[in-house]
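Protein sequence lines, in the order shown, are assigned to chains W, S, V and L.
Heads up: take any position in the first sequence, counting from 1, add 132, and you land on this note's numbering.
Heads up: take any position in the second sequence, counting from 1, add 132, and you land on this note's numbering.
Heads up: take any position in the third sequence, counting from 1, add 13, and you land on this note's numbering.
Heads up: take any position in the fourth sequence, counting from 1, add 13, and you land on this note's numbering.
For each residue, glycine too, the CB sits at the ideal point set by N, CA and C.
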Amino acid sequence: MAEMNMAKAINKALGEAMAADERVIMLGADVGVNGGVFRITEGLYARFGEGRVIDTPLAESAIIGTAIGMAIYGLRPVAEIQFAGFDYYNYHQLESHAARFRNRTRGRITVPMVMRAPCGGGIRALEHHSESREAIYAHTPGLKVVIPSSPRNARALLLSAIQDPDPVIYYEPKSLYRAFKEDVPDQPETLPLGQARVVRSGSDITLISYGASLRPTLEAAEQLQEEDGVSAEVIDLLSIVPLDTVTIVTSVKKTGRAVVVHEGPRSCGIGAEVAARINEDSLLYLEAPIKRITGYDVPIPYFSKEKYFLPDADKILQAARQTLSF
Amino acid sequence: MAEMNMAKAINKALGEAMAADERVIMLGADVGVNGGVFRITEGLYARFGEGRVIDTPLAESAIIGTAIGMAIYGLRPVAEIQFAGFDYYNYHQLESHAARFRNRTRGRITVPMVMRAPCGGGIRALEHHSESREAIYAHTPGLKVVIPSSPRNARALLLSAIQDPDPVIYYEPKSLYRAFKEDVPDQPETLPLGQARVVRSGSDITLISYGASLRPTLEAAEQLQEEDGVSAEVIDLLSIVPLDTVTIVTSVKKTGRAVVVHEGPRSCGIGAEVAARINEDSLLYLEAPIKRITGYDVPIPYFSKEKYFLPDADKILQAARQTLSF
Amino acid sequence: MPRTPIQLPTNIEYLSILDENAQIDKQLEPILSTADLKRMYHFMLLARRADERMLKLQRQGRIGTFPQSLGHEAISVGAASAIGSSDWHVPAYREFSGMLLRGWPLETLLLYWGGFEEGARPPDGVNDLPYCVPVASQLLHATGIGMAMKIAGDKKVVLTFFGDGSSSEGDFHEALNFASVFQAPVIFVCQNNQFAISVPLSRQMHCATLAQRAVSYGIPGIRVDGNDILAVYAATKEAVDRARQGLGPTLIEGLTYRTTAHTTSDDPKKYRSPEEEQLWSSRDALIRFRRYLADRGIMDESARISLEAEIEQEIKEAVRKFEEAAGDKELLNPLHMFDYLYAETPEFLERQRNELQQFLASRSAGPGRMEAKSGESAGRDP
Amino acid sequence: MPRTPIQLPTNIEYLSILDENAQIDKQLEPILSTADLKRMYHFMLLARRADERMLKLQRQGRIGTFPQSLGHEAISVGAASAIGSSDWHVPAYREFSGMLLRGWPLETLLLYWGGFEEGARPPDGVNDLPYCVPVASQLLHATGIGMAMKIAGDKKVVLTFFGDGSSSEGDFHEALNFASVFQAPVIFVCQNNQFAISVPLSRQMHCATLAQRAVSYGIPGIRVDGNDILAVYAATKEAVDRARQGLGPTLIEGLTYRTTAHTTSDDPKKYRSPEEEQLWSSRDALIRFRRYLADRGIMDESARISLEAEIEQEIKEAVRKFEEAAGDKELLNPLHMFDYLYAETPEFLERQRNELQQFLASRSAGPGRMEAKSGESAGRDP
Ligand SMILES: Cc1ncc(C[n+]2csc(CCOP(=O)(O)OP(=O)(O)O)c2C)c(N)n1
Ligand SMILES: Cc1ncc(C[n+]2csc(CCOP(=O)(O)OP(=O)(O)O)c2C)c(N)n1
Ligand SMILES: [Mg+2]
Ligand SMILES: [Mg+2]
């Protein structure tokens, strides 16, 4: 066990994956000599050499498109896109190819690769540096989508993602990179993709979140307990695809109330899907409408006002109270 | 009034818009001399010349990116992407720029443009020629999204889209191009963006659909009446963004039951958003879970089996019956 | 030197060996065995004849839209003949002839155009990617495969194809740039047939040749007569040898003409003249190659006739196998649409699979409606 | 001619006029009025000094991450000086100096880097697009504007900028191709500072110069000494004249060096040597231009000193205005995030606006929590 922040935990996972399997390689702009603009690949270039930690020209479609080719040839590329707001440049490669090759070739050609990208707001960044559009990938059949919320699960999920035989989008909430530390076991551990986790159990209301929004969600849960004597269950989705409907529905059947929390825009976002699935499987248990505390349907504002766009504990608390008093 | 199919009605609207406003221009691959691969721009090149009906090189990002520039300069470009399955190549231009310039510049620079693309399945096309991913655009703040269902509304909505001061995604359900004819008034008419239409009124269940799925939805409604004596209300969304929540919710409050029908994949699709909004505004009126009859979360199969992927009257009927007997 | 010309690489060339009158440039004539030459002709002819047959199948509704490849046989077969079976072949959608040569059974390709994913499954042992529809995107896969070969230390090469129109896509630029920066063993072959559907070269690019785009990447570029299979072969062979030695990628432009429509949905009368079509027909690759083979005594008239017969038989057999497969219950089972998305089908997809399964079961119990509607759509599909 | 070299255009050149020792090539010296020359120097110096000041503001947390533009003044100001105010200027994010020259008040640019959309609003009458963050994407807007000018019959031109790294993006290729096919009046200026964050030129491209990529588009290409404002001006002026006459686009590569870090979040020590940095400092554009102005008797030492004082004052005033604006209630009103998405705010957005409004109202009634957390995040933001 060693205490570390999420940046270090991801870095650790990358190193472990590369050490364990020589097919694992990294590519992306600035991932090599520089160690990544967030220092996530720091030390890997020195340790594994430029043949396996590849600084590329600045071209997202090429980073993903060549990663697809490498995966087809038998490598296990982990491609970094510098910010989630730039992965639109390569969306066609993911949609048309990474997500389809197995299906298209009836299992003969597969694309075991990971696209990593820092996502989300909260670090006073420039325009296009704070996006959270995991819903686009969730709407793209053939991909898996993972978003960790803590150093330990970041490391375990990344190891799973790299070992996964299919393409995985691994979004890293950049505001968590250095936000807090957690004990991470020395021995590699994995977490199954597609499994949510009940991180706080409760009986009165279910708060569903993931990534950077999990912390304010937990804060709100604490406050509900302290101030209102309300027992909130909190679910950390961890995987967006496959979405763990069972865990969500089981909880809502118990509590009868739910609030979904995420940073991405609301319309057709993850919250919509969660609400639709709860409705499908547990409508009659619902005692109040499911609330969505999400990014609004606007581009995340420039940083002087971005905090008003992001979900925070107060917003979640208010939504929970409204749901409870419905 | 003249009877015409949707292909002709869209062609008519384009001609009218160009005749009425010389700032309106067309661009895209094969839109000029060839009149478009679906013949949608037929005759426009001869009528308006190559300065206004522009055959471009084959590059979607450039088609949309230059259209953005033209709109900024004061033109009203209507850009054609040959198939919706290729508009991923230009998604970054739409997300990062078309959708943002007004907001970014506090209203000083605007992008009045239309991206037209044929969408959807049902014509035995090759891979990547049958996609329906309007949900991606619905998840992209700053765009409007329109999908017509008949010759007459196709013409009226397109005129509105071209006149709209903001960027509009206009998806044309290609299986409807030549599927049926309808009277279209000689005089130009428009339809407000953001307004759904109750195309069949009923009291027992609400069927919500749009585009190519509307016809099987209506068929199912007829059959419900005939075979089950059930009165189904059918809503044609017409606009996906802005989504007409009021019309949907008003209907569901009346009927207490709803089925949403569309071709695009299910997860985080339009059906999810519709379900989430119904839940938000009318949960207590619901007597059964909202059902989603949609494309599955797989790429639409090659054409030998695509019909099993698409919503059809039987699937909708079955879903309605399940909802009614819940 | 305040105002000085920048020295550009001088290795951008034009190559022709067997001209349209079947005159051969002896100095440049590539060394190819009789067997090789026969094999090349075999697959050119097979593709030509199969293509003709497929047009009929398409008109009968037995397969869907497809892009004929007449006029493309020399580039596709010529280039593919210059690589080995452990090298990789990454086609666009007009490399029908080369794919046949690489080992794709004709019936498999028929399945593809007949609307079955099974037709996109590369046969075991064939190091090819399937047809690629979104233009230029495959060039990046080829580059990635080449980069991986280099990382693995394998002395293999990748051969990939694209059209003149496709070279306007950003992915073209990114692929050539990556390949050149990483000196990946990739041979990029442009099938310049002078049209992208209806858009002519002059509307596609402002430069005189596609080959000169090699200057942007500091790599060799060559334009060859694309109806001259010997020139295509020779240029590709040179590029393959360079790539195998670690000397990086090459851009080859084969200049040809799309003899027929873009696809079975297209009508070229809208945008080009019969005179032009006529002119290019006279430059046909098969005619001159046949004459070359005759001149070299490799294939006389009777051999040619028996080859035609043999190929007719081959096609007949393939069509039979295709129709058999296309009627196969397993291949037609729609539930398979859920089975190949992921190595393990996740719960949410299982549920959707069950949903469809139950629907199909219930419908086959009740009165069927779907079949009645299947012929309904009257749309065109380019 | 079976194997022949393809003639490449010979108009790819290198241009230098005022060398690093301030030696001038009299033959090539552009004709510029004293007022013009002074104006150019003014904005170079203003940008340099403002940039230094902004670094302090950033370290104090009063603005956010920003990319310094030291080393880029000659290209940005030199090129922008060659167009008129009715021409268009489409920057990337390192054209700070040129934007000042074009009429963007310094306080507006400070607002941009201070996290306010208001800083991206071009001042009335200024035909510029704002900074563009997603690299190379703006080149297509510039091309579209140029195409529109041509359609409208306006004799205007567009000047647009991008970095060496950005030239690897597909959008670069698509923009140059469109501009060349449509002969749009666009001047593409590459600020080749030899790095894309940490990635050096050698990892970015395999060709010797960026200018030679003009060969791919059949347009003139020129590399200029990017620290030589006279060369930049002269090359741009030529290109502008051509474009205005309907002779299409030009690719200009200004070779320079990013004097400082990529942005305030970057640490160049990780990837480049002090020696190299030193070498390029000695080639600084301002030093040689100042000497040129002195040599020509346009600006003596006392004029220079009073200019420095004037600029110091200008910056002080701008910072004051910026801080005033940054504290303005209206500018800080978060509800405005909903007000500029569409010409008319649709109902669903109004609802979200109300939701936030009610939330803010209720919170300002109850105990506040948010403010306590605002300093929390310890992330880096490159
Ligand atoms: C990204 C993308 N955009 C559009 C299309 C539709 N389309 C199919 S083929 C074609 C023309 C391609 O021309 P070219 O590259 O010259 O190849 P050719 O068909 O002439 O062999 C187009 C526009 C596509 N397949 N992919
Ligand atoms: C599409 C996109 N990808 C990545 C980034 C992140 N990024 C910002 S600047 C930069 C380097 C650009 O280098 P270059 O074009 O040479 O310009 P320079 O910064 O050197 O002026 C990168 C990778 C971005 N802004 N846009
Ligand atoms: Mg072509
Ligand atoms: Mg640079």
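Counting along the chain, the unbroken beta strand (DSSP E) around S/R329 starts and ends at 329-332. Between S/G252 and S/E412, the gap from beta carbon to beta carbon reaches 9 Å or more. In the DSSP assignment, L/F174 falls within the unbroken beta strand (DSSP E) covering 171-176.
Within its own chain, the residues whose Cβ lies closer than 6 Å to the Cβ of S/T272, once the five positions on either side in sequence are excluded, are E227, A231, listed in chain order. Look at the stretch 232-274 of chain L and you find these whole runs of beta strand (DSSP E), each 3 residues long or longer: 234-238, 263-268.
Any Cβ of chain S closer than 9 Å to the Cβ of L/N190 would place that residue at the interface, and such an atom is present. Of all residues in the stretch 284-302 of chain W, the ones placed with a Cβ closer than 9 Å to any Cβ belonging to chain V are D296, P297, D298, in chain order. Interface annotation, S/P431: in contact with chain W, CB-CB separation under 9 Å. Shortest gap from the CB of V/S295 to any heavy atom of ligand 1: 8 Å or more.
The residue among S/T322, S/K140, S/M133 with its C-alpha nearest the C-alpha of S/L308 is S/K140.
DSSP places W/N166 in the coil class of the three-state scheme, outside both helix and strand. Secondary structure of L/L362 (DSSP, three-state): helix. Contacts between S/N166 and chain V, judged by CB atoms closer than 7 Å, involve I210, S211, K283, Y284 in chain order. At a cut-off of 9 Å between beta-carbon atoms, L/I30 makes contact with chain V. Proximity of L/T173 to chain V, defined by a Cβ-Cβ separation below 9 Å, is not satisfied. With 16 or more other CB atoms across the displayed protein chains lying within 10 angstroms of its CB, L/T277 is buried. Residues close to ligand 4 by the beta carbon criterion (under 6 Å to any non-hydrogen atom) are, from first to last along the chain, L/G176, L/D177, L/G178, L/N206, L/F208, L/A209. Take the alpha-carbon of V/Y246 and the one of W/L207: they are about 31 Å apart. Under the Cβ distance rule, W/A194 counts among the residues neighbouring chain L, one pair being separated by less than 9 Å.
Taking 8 Å as the Cβ-Cβ cut-off, the stretch 382-410 of chain W approaches chain L at R398, S399, given in chain order. In the three-state scheme derived from DSSP, where H, G and I count as helix and E and B as strand, L/E330 is classed as helix. Sorting S/I172, S/G183, S/A161 by C-alpha distance to the C-alpha of S/L190 places S/A161 at the top. The Cβ of L/Q217 sits closer than 9 Å to at least one Cβ of chain W. Counting of Cβ neighbours within 10 angstroms places W/P299 among the buried residues, the total reaching 16 or more. Among the residues of chain L, those whose CB is under 8 Å from the CB of V/V228 are L21, C220, Q225, R226, V228, S229, following chain order. Between L/R296 and L/F208 a beta carbon distance of about 16 Å is seen, past the 8 Å cut, so the two are scored as non-contacting. Using a cutoff of 8 Å, the CB of V/S150 counts as near ligand 1, since one of the ligand's heavy atoms is closer than that. The stretch 48-62 of chain V makes no contact with the stretch 250-259 of chain V, as fewer than three CB pairs between them are under 8 Å. Taking the CA atoms as reference points, S/K437 sits about 12 Å from V/G340. Runs of the alpha helix (DSSP H) lying entirely within the stretch 181-227 of chain S, each at least 4 residues long, are 192-205 in chain order. Note on L/D279: 16 or more other CB atoms within 10 angstroms of its CB, so buried under the neighbour-count rule. Contact between S/V406 and S/I380 is confirmed by a C-beta separation of about 6 Å, below the 8 Å threshold. Of the heavy atoms belonging to ligand 3, at least one sits nearer than 8 Å to the Cβ of V/Q204.
For V/Y305, the enclosing alpha helix (DSSP H) has its first and last residue at 298-308. Of the residues assessed, V/G166 falls on the exposed side of the cut-off, its CB having fewer than 16 other CB atoms within 10 angstroms. Taken atom to atom, the span from the alpha-carbon of L/W126 to that of L/N205 is near 23 Å.
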